[in-house]
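Everything in the sequence shown is counted per the working numbering, starting at 220 for the first residue and increasing by one.
Backbone N, C-alpha and C define an ideal beta-carbon position, used for all residues, glycine too.
Computed from a predicted model, the values in this text were never measured in an experiment.
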Amino acid sequence: PKGLQVETVLIRDVQLPDVIRTAITETKRREQEVLKQQAELERFAKEQEQKVKQAESELRAARLEAQRIKALAEAEAYKIDLINKTLAQSPNYIELKKVEQWNGVLPLYTGGDNIPMLDLRSMKKPVKKP
């Protein structure tokens, strides 16, 4: 083969027309804006996902609390029912409870028919003589 073989070409100080430079700059600016909007959209989606997870967690906690309250109420109702059945079967149950609760100290006053009686013995103080 005859002719000229070019292996390398070096071009320096290429000046593109203003229209092309503006178009390149505008294209890069739009690409950057698209990337920025995509990043913002991803951030927003993650925030919304976190809010959904938080709401689901709060809902689970509220349901568990409701179950706990219901279980306590059912246990209290069962206890009351048992006490009522016991009272119906054994009229002395109340007296037993009184004895269990008594601290061994006699009351300071007792009475009936709206006439209070005061036990003055427990209030007696020695009288000092001059």
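Proximity test, residue i beta-carbon vs the ligand PLP heavy atom, cut-off 7 Å
{"i": "LYS289", "result": "Looking for the ligand PLP in the displayed structure turns up nothing, as the structure carries no ligands at all."}
Cβ distance (whole Å) where residue i is taken to contact residue j below 8 Å
{"i": "TYR312", "j": "LEU306", "result": "5 Å"}
Residue range of the unbroken alpha helix (DSSP H) whose run includes residue i
{"i": "THR246", "result": "237-308"}
{"i": "LYS317", "result": "312-320"}
Backbone CA spacing between residue i and residue j [nearest angstrom]
{"i": "ALA258", "j": "GLU245", "result": "20 Å"}
{"i": "GLU314", "j": "LEU283", "result": "40 Å"}
{"i": "GLN234", "j": "LYS247", "result": "19 Å"}
{"i": "VAL318", "j": "ARG287", "result": "34 Å"}
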